[in-house]
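First comes the structure, then the notes that go with it.
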Amino acid sequence: ISTERMRADFLANASHELRTPLASLTLLIETLSGPARDDPAGQARFLKMMQLQAERMRRLIDDLLSLSRIELDEHIPPSDRADLAGVAREVADTMGEMLREKGVSIDLRLPAHPVQVVGERFQLAQVAQNLIDNAVKYSKPGQSVVVEVAAGGDREDMIAQAGRRWEGASRVALLTPAAAANRSYASIRVEDSGQGIDQRFLPRLGERFFRVERELGDERGGTGLGLAIVKHIINRHRGGFLVESQAGRGSAFAAYVELAGEG
Ligand code: ADP
Numbered sequence: 172i173s174t175e176r177m178r179a180d181f182l183a184n185a186s187h188e189l190r191t192p193l194a195s196l197t198l199l200i201e202t203l204s205g206p207a208r209d210d211p212a213g214q215a216r217f218l219k220m221m222q223l224q225a226e227r228m229r230r231l232i233d234d235l236l237s238l239s240r241i242e243l244d245e246h247i248p249p250s251d252r253a254d255l256a257g258v259a260r261e262v263a264d265t266m267g268e269m270l271r272e273k274g275v276s277i278d279l280r281l282p283a284h285p286v287q288v289v290g291e292r293f294q295l296a297q298v299a300q301n302l303i304d305n306a307v308k309y310s311k312p313g314q315s316v317v318v319e320v321a322a323g324g325d326r327e328d329m330i331a332q333a334g335r336r337w338e339g340a341s342r343v344a345l346l347t348p349a350a351a352a353n354r355s356y357a358s359i360r361v362e363d364s365g366q367g368i369d370q371r372f373l374p375r376l377g378e379r380f381f382r383v384e385r386e387l388g389d390e391r392g393g394t395g396l397g398l399a400i401v402k403h404i405i406n407r408h409r410g411g412f413l414v415e416s417q418a419g420r421g422s423a424f425a426a427y428v429e430l431a432g433e434g
């Protein structure tokens, strides 16, 4: 499909996504100024619902802006260095409140030494944040999310070590870098013990606005932009992105980017 066509589709989808919470807000305003005018208990409830819808719109706009910022320089690979292990630790450390709320813990498995990769620190933190957010969101209280950073290996090693760990799981490489000789990678793998993702949906993860819940007729939930953001960031980094999942076992997402050479 042409770029113009994709842009037009994207604008139509984005508008549609924003219109849904807006329609709810309009309806709630009408209810508040009409039927619920003399019903204080109802008013409190409707205001709460309005707050949630406004929140949803804000998240959508934040994610859309994030995505457009990432796409703007997607063709310019990063030249900075960042410590992938440090990034993972920092992101995990900021999640205390969400973890307490959900009763989920994070099991950090990091090498003792820094893992210097070619990458932009802020963007790699977005990758870690989105993957960990999802893993926590789809975990049940008492469960633990494993965040692992590992260094060393070529593209095939990454696919084998970070994306093919569960016997009997379904797996898809959502993004694979072009083959390059002598290139070594480091990976971040985020694993949960949640419900897992039906195999038929795996290839669509990372598609903008794609949400399994919606496919199953449940309109709640996120924006469907988190994994698209991850995919675009990793694409800019000329890295790879993998998922494996199994019902009853959980889901694991892994991203890998190039290790920085010596010096
Ligand atoms: P969202 O904002 O909806 O979480 P994402 O792009 O991050 O958007 O994820 C897209 C969809 O992929 C989610 O709506 C969910 O259906 C599915 N998904 C992502 N991560 C997981 C996970 N760890 N376990 C189960 N399903 C997941």
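Just so we're on the same page, the numbering used here is the position in the sequence shown counted from 1, plus 171. All C-beta atoms in this analysis are idealised placements derived from N, C-alpha and C, irrespective of residue type, glycine included.
Next item on the list: For P285, collect the residues of the same chain with a Cβ closer than 7 angstroms to its Cβ; drop the 5 residues on either side in sequence, then sort them by chain order.
Entry: Hits under 7 angstroms: D254, A256, G257.
Next item on the list: Within the same chain, show all residues whose beta-carbon is closer than 7 angstroms to that of A299, passing over the 5 residues directly before and after it, in chain order.
Entry: Closer than 7 angstroms at the Cβ level, and outside the excluded window around A299, lie V258, A259, V262, I359.
Notebook entry, point to check: Looking only at DSSP bridge pairs, what is V414 linked to?
Noted result: Looking at the DSSP assignment, V414 forms a beta bridge with V343, F424.
Next item on the list: Give the straight-line distance between the Cα atoms of S195 and L182, rounded to the nearest whole angstrom.
Entry: Their backbone Cα atoms lie some 20 angstroms apart in a straight line.
Item checked: Proximity to L281 [Cα-Cα], best of P248, L235, A322 -> When only C-alpha atoms are compared, the closest one is A322.
Item checked: Exposed unless 16 or more other CB atoms sit within 10 angstroms - verdict on S310 -> Classification for S310: buried.
Notebook entry, point to check: From what residue to what residue does the alpha helix (DSSP H) around A194 run?
Noted result: 174 to 204 is the extent of the alpha helix (DSSP H) around A194.
Checklist line | Close Cβ partners of A350 (< 8 angstroms) along its chain, the five nearest in sequence each way excluded | finding: Hits under 8 angstroms: R326.
Notebook entry, point to check: Taking C-beta to C-beta, are N305 and D264 nearer than 9 angstroms?
Noted result: At a Cβ-Cβ threshold of 9 angstroms, N305 and D264 do not count as neighbours.
Checklist line | Spatially closest choice to L345 from V307, I405, L396, G393, by CA coordinates | finding: Measuring C-alpha to C-alpha distances from L345 to each of V307, I405, L396, G393 identifies I405 as the nearest.
Next item on the list: Tell me whether I368 sits in a helix, a strand or coil according to DSSP, three-state version.
Entry: DSSP places I368 in coil when its eight states are reduced to three.
Margin query: Quick check: the Cα distance between P192 and A212, rounded to an integer number of angstroms?
Written below: Looking at the two C-alpha atoms, the distance is approximately 22 angstroms.
Margin query: Measuring only from the beta carbon, is E384 closer than 8 angstroms to any heavy atom that is part of the ligand ADP?
Written below: Yes, since a heavy atom of the ligand ADP falls inside the 8 angstroms radius drawn around the Cβ of E384.
Checklist line | Every unbroken alpha helix (DSSP H) inside the segment 242 to 296 [4 residues or more] | finding: Listed in chain order, they are 255 to 264, 267 to 273.
Next item on the list: Using a Cβ-Cβ cut-off of 9 angstroms, state whether S195 counts as contacting chain C.
Entry: Absent from the structure is chain C; it holds one protein chain and no more.
Next item on the list: Under 8 angstroms Cβ to Cβ from I303, same chain only, skipping five residues before and after it: list those, please.
Entry: V262, A263, M266, I277, V316, V318, V361, listed in sequence order.
Next item on the list: Check whether the Cβ of I405 sits closer than 8 angstroms to any heavy atom of the ligand ADP, and report yes or no.
Entry: The answer is no for I405.
Check: To the nearest angstrom, how far is it from the Cα of R176 to the Cα of S237?
Finding: Answer to the nearest angstrom: the Cα atoms are 21 angstroms apart.
Item checked: Other residues of its chain near G324: CB distance less than 7 angstroms, five sequence neighbours each side excluded -> Contacts found: Q332, S355, Y356.
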